[in-house]
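FYI, the numbering for the sequence shown is 1 to 564, going by the numbering used here.
Just so it is clear, CB atoms sit at the ideal spot from N, CA and C, and this is done for glycine as well.
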Amino acid sequence: MKEKKPLGLSLVEAGLLTNEQLVQAEKMSKKESISLRKALIKTGLIDEDVFVSFLSSHIGIPSIDLSTYLIDPQILQYVPKDLAAKYGLIPVFKIANTLTCAMAEPLNIIAQDEIRLKSGLTIEPVVAKESDIHKAIESYYGAKGSVDEIIKELEQVEIELKSGKEVAAKRLHDLAEEPPLIRLVNILIMNAIKRQASDIHIEPEEDTLRVRYRIDGILHEVEAPPKHLQAAVISRIKILSNLDIAERRISQDGRFQVKMENRRIDIRVSCVPTLFGENVVLRLLDTTHLKLNLQDLGLDLYEQERYEKLVKRPHGIILVTGPTGSGKTTTLYASLNKINSTDKNIITIEDPVEYHLEGVRQIQVNPKVNLTFANGLRSILRQDPDIIMVGEIRDKETAEIAIHAALTGHLVLSTLHTNDAAGAITRLIDMGIEPFLVASSVIAIVAQRLVRTICSDCKEPYQISESALKSLNIKPDKGLSPANFHRGKGCSKCFNTGFKGRTAIFELLVMDEPIRELTTTKASSGSIQQVALRQGMRNLKEAGINKVIAGITTIEEVMRVAED
C-alpha cells in the first residue's frame with residue numbers, strides 16, 4: 001500500500017499532468033494547507049474520476065463507485081457523522097471484524113486509527129471520490145432505518161406536494177435529489193435485497209401508495225411512503241434508470257445497477273401509466289444467488305444423472321417448460337455451465353439477457369432493429385456454433401429454425417410456456433410443426449415449478465389426519481405417515497412466513513421410441529403423459545411429495561404449485 005514514487009511525479013510520468021501543472025498544484029497545496037489531491041481537483045487540472053482510478057492503481061487499494069452503492073444504515077453506527085465529515089470517509093460494509101471504509105485519502109493513518117479505536121474493528125480502506133463521499137454522508141446520516149423516520153424529515157416536501165398542484169418536472173427532479181428522498185428509495189431497495197425479494201411493486205391507489213415485495217414467488221405488503229410522496233419516489237427511480245421524469249403518459253423501461261456488501265444487483269425498471277398514477281415494478285437480479293450447478297437446482301440423483309447425459313449429447317433439442325417465474329432460465333444457465341468448455345462454441349439469444357455467462361456469447365433481442373428470436377437464430381447458425389440457447393420458442397418461425405439447427409448437428413436448449421412436459425409436444429404441433437420433425441429433433445422435455453423451502457431456523461414436525469393423508473393419494477410405500485410432516489413455525493429469520501428460499505421440482509420426459517410413435521400420430525398430451533408415467537417418469541406432484549418426505553417443503557406448498 002506504500003507509494004513507490006511521489007504521487008505528483010507518477011502523475012507526470014503517466015501523462016496526466018505536465019511539470020508546470022504539478023508545480024502550480026504544489027504551490028496551491030502549500031499556500032492553502034491542503035493535500036495535493038485537493039489542489040489538483042480544485043484547480044481542475046485533473047478530473048476526479050481519472051484521479052481516483054489512478055490513485056487506486058498507484059497505491060494498490062481498490063476503488064469504489066459510491067453513486068451506485070447501497071449502504072446499510074446499521075453500518076453507520078460504527079463511524080459517527082462528525083468523524084466521517086472530518087476525515088472525508090464513510091463506512092460501506094462490515095465482514096466479520098473488518099469495516100470497509102470509502103476514503104478520499106486512503107493513506108490517512110490517523111483517520112484509520114481513530115475509526116479503529118472508535119469502532120473496535122479492523123479498518124479496510126477503499127478509494128472513492130470526495131464529492132461522492134460528501135453526498136453519501138448527507139444522504140445516509142440522519143434518520144436511520146425506517147420509512148416513518150425519513151418521512152418526518154420531508155415536512156417541507158410534504159407541504160408542497162399536498163397542495164394539490166401539478167408539480168413541474170424540474171421541481172420533481174430537485175425533490176428526487178433531496179437526501180431524505182434518496183435515503184427513502186435506498187431503504188425500499190435495500191430492504192428488498194435483504195429479504196431476497198425478486199421484485200418490488202410500487203402501486204398507486206386512489207388515496208394510498210402500496211409497496212409489495214415478491215419473496216419466494218409470493219407478494220408481501222411492506223411499509224410504504226404516503227401518497228403525497230408518490231411522484232417524488234417514482235421520479236427518483238426514473239432518475240436512477242435514466243428515464244424521462246416528465247413523461248407520465250406512456251410506458252417506459254430502464255435499468256440500473258447497485259452494489260451492496262460486495263453483491264452486484266442489476267435492477268430492471270418498468271413504468272406503466274394507470275388510473276391513479278404510474279405503476280412501477282423493479283426486477284432485482286442478484287448474481288450472487290444464481291444457482292449455476294445442476295445439483296443445486298433440486299434434481300434428485302437419478303434425474304440429475306439422466307439429465308447430464310442428455311445435455312452432453314451432440315445434437316437435438318432440450319426444452320424446459322413451465323409458467324413465468326418457474327426457474328426455467330436458471331435451469332438453462334446451469335445446463336450451459338455444465339457443458340461449457342473451451343472446445344465448444346456456445347451462443348445464446350435471450351430476452352432479456354439476465355446474467356452474464358463467462359465464455360458464452362450472449363445476444364439481446366431488440367425488436368426495434370428487427371433482432372427477433374428468429375432473425376437472431378439465423379445469424380447464430382452462421383457463427384459456427386456447437387450449442388445454441390434460445391430464450392423462448394414463441395412462434396412457428398423460431399421453432400422451425402431451432403429444429404433445423406438440431407437436425408443439422410447442433411444442441412439446442414430453449415423454453416416453452418406449457419403446464420407439463422407432454423404438453424410441449426402438442427404445443428409445437430399446434431404451432432404448425434410437422435409431427436415427424438418434432439419426434440426426430442426433440443430429445444427431452446423438462447417441466448418444472450418452484451416450491452418454497454421450510455425455514456431451517458423454525459422448522460417443526462406436525463401431524464395431519466389419516467383422511468388428509470389419503471386425500472393426497474400418497475402410496476403407503478412412500479414412507480410418509482401423519483406424524484412426519486414438517487412446517488415452519490415462523491421466525492424473524494424468515495419474516496414469520498415459515499419459508500426461506502425455494503427449490504425446484506421436475507418431471508423429465510425423455511423422447512424414447514414409444515413417445516416418438518405417439519408424437520408422429522398426433523396423440524394427445526394426456527396419452528403421452530400416461531405412457532411416460534408407465535415407463536417411469538415422475539410427475540410434478542410426485543416429485544413434490546418426495547421433497548415433503550425429505551422435510552424440504554410442505555404438502556400445501558406442493559399442492560399450490562402442482563395441483564392436478
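Alpha-carbon to alpha-carbon, residue j and residue i
{"i": "THR342", "j": "VAL360", "result": "10 Å"}
{"i": "GLY327", "j": "VAL558", "result": "16 Å"}
{"i": "ALA334", "j": "LEU294", "result": "6 Å"}
{"i": "ASN340", "j": "ALA246", "result": "46 Å"}
{"i": "ILE75", "j": "ILE265", "result": "19 Å"}
{"i": "ALA406", "j": "TYR462", "result": "50 Å"}
{"i": "HIS220", "j": "ARG214", "result": "6 Å"}
{"i": "ILE193", "j": "LYS42", "result": "37 Å"}
{"i": "ILE239", "j": "SER524", "result": "51 Å"}
{"i": "VAL446", "j": "VAL311", "result": "12 Å"}
{"i": "SER391", "j": "GLU350", "result": "What sits at residue 391 in the sequence shown is Gly, not Ser. Going from the Cα of GLY391 to the Cα of GLU350 covers about 4 Å."}
{"i": "PRO273", "j": "ASP395", "result": "29 Å"}
{"i": "VAL369", "j": "ARG255", "result": "20 Å"}
{"i": "ILE489", "j": "THR554", "result": "The question names Ile, but residue 489 is Lys in the sequence shown. The straight-line gap from Cα to Cα measures roughly 12 Å."}
{"i": "ALA136", "j": "ILE90", "result": "8 Å"}
{"i": "LYS5", "j": "GLU13", "result": "10 Å"}
{"i": "VAL412", "j": "ARG268", "result": "27 Å"}
{"i": "VAL52", "j": "LYS344", "result": "40 Å"}
{"i": "ALA84", "j": "ARG183", "result": "17 Å"}
{"i": "GLY120", "j": "ASN97", "result": "8 Å"}
{"i": "LEU11", "j": "ASN19", "result": "9 Å"}
{"i": "LYS2", "j": "PHE54", "result": "Its pLDDT being 47, under 50, LYS2 is placed unreliably in this model, and the value from its coordinates should be taken loosely. Rounded to whole angstroms, LYS2 to PHE54 spans 14 Å at the Cα level."}
{"i": "LEU9", "j": "ALA39", "result": "15 Å"}
{"i": "ASN375", "j": "ALA168", "result": "43 Å"}
{"i": "LEU290", "j": "ILE200", "result": "19 Å"}
{"i": "HIS134", "j": "PHE373", "result": "46 Å"}
CB of residue i within 8 Å of CB of residue j, strictly
{"i": "ILE505", "j": "LYS547", "result": "yes"}
{"i": "ASP244", "j": "SER270", "result": "no"}
{"i": "THR453", "j": "PHE499", "result": "yes"}
{"i": "VAL451", "j": "THR503", "result": "yes"}
{"i": "PRO435", "j": "THR321", "result": "no"}
{"i": "SER67", "j": "ASP132", "result": "yes"}
{"i": "HIS410", "j": "HIS486", "result": "no"}
{"i": "LEU284", "j": "SER198", "result": "yes"}
{"i": "ILE443", "j": "ARG313", "result": "yes"}
{"i": "VAL126", "j": "PRO106", "result": "yes"}
{"i": "LEU540", "j": "ARG449", "result": "yes"}
{"i": "VAL531", "j": "ILE545", "result": "no"}
{"i": "LEU70", "j": "MET260", "result": "yes"}
{"i": "ILE403", "j": "ILE380", "result": "no"}
{"i": "GLY325", "j": "GLY501", "result": "no"}
{"i": "ALA176", "j": "ARG249", "result": "no"}
{"i": "MET190", "j": "ASP72", "result": "yes"}
Nearest neighbour of residue i, chosen from the options [CA to CA]
{"i": "GLU303", "options": "MET537, MET389 and ALA84", "result": "MET537"}
{"i": "TYR87", "options": "LYS94, VAL211, ALA102 and ILE239", "result": "ALA102"}
{"i": "LEU7", "options": "HIS58, GLN383, SER29 and MET28", "result": "HIS58"}
{"i": "VAL281", "options": "SER251, LEU292 and LEU290", "result": "SER251"}
{"i": "ALA550", "options": "ILE347, GLU13 and SER456", "result": "SER456"}
{"i": "ILE387", "options": "ILE61, LYS493, ILE318 and LEU297", "result": "ILE318"}
{"i": "GLN77", "options": "PRO385, MET389, LYS118 and ILE393", "result": "LYS118"}
{"i": "VAL365", "options": "PRO385, ARG382, ILE393 and ASP384", "result": "ILE393"}
{"i": "TYR140", "options": "PRO180, ALA176, ILE110 and PRO367", "result": "PRO180"}
{"i": "ILE528", "options": "ILE123, ALA25 and THR426", "result": "THR426"}
{"i": "ASP286", "options": "LEU275, GLN196, GLN362 and LEU299", "result": "GLN196"}
{"i": "LEU172", "options": "VAL233, LYS38 and MET190", "result": "VAL233"}
{"i": "LYS600", "options": "GLU513, GLU542 and PHE276", "result": "The question about residue 600 has no answer here: the residues shown for the chain are numbered 1 through 564."}
{"i": "ILE512", "options": "ALA374, GLN535 and ILE363", "result": "It should be pointed out that residue 512 corresponds to Asp in this sequence rather than to Ile. Ranking ALA374, GLN535 and ILE363 by Cα distance to ASP512 puts GLN535 first."}
{"i": "GLN257", "options": "ASP65, ALA104, MET431 and THR418", "result": "ASP65"}
CB-CB length for residue i against residue j, believed under 8 Å
{"i": "ASP49", "j": "LYS129", "result": "7 Å"}
{"i": "VAL571", "j": "LEU188", "result": "Residue 571 lies beyond the residue range present for the chain, which begins at 1 and ends at 564; the question has no answer from this structure."}
{"i": "LEU17", "j": "LEU45", "result": "6 Å"}
{"i": "GLU400", "j": "ILE433", "result": "7 Å"}
{"i": "PHE93", "j": "ASN262", "result": "7 Å"}
{"i": "ILE123", "j": "ILE115", "result": "5 Å"}
{"i": "GLU567", "j": "LYS338", "result": "The requested residue 567 is not part of the displayed model; the chain covers only 1 to 564."}
Beta-ladder partner(s) of residue i, from DSSP
{"i": "PRO125", "result": "CYS101"}
{"i": "PRO461", "result": "HIS486"}
{"i": "GLY220", "result": "Going by the sequence as given, residue 220 is His instead of Gly. DSSP output for HIS220 lists TYR213 as bridge partner(s)."}
{"i": "MET511", "result": "Answer is none; MET511 lacks a bridge partner."}
{"i": "TYR69", "result": "LYS259"}
{"i": "LYS94", "result": "LEU99"}
{"i": "ALA444", "result": "ILE318 and VAL510"}
{"i": "GLN570", "result": "Because the chain spans 1 through 564 in this model, residue 570 falls outside it and cannot be assessed."}
{"i": "GLU277", "result": "Correcting the residue identity first, residue 277 is Gly in this sequence and not Glu. GLY277 is bridged to THR274."}
{"i": "LYS499", "result": "The amino acid occupying residue 499 in the given sequence is Phe; Lys does not appear at that position. Bridge partners of PHE499: ILE454."}
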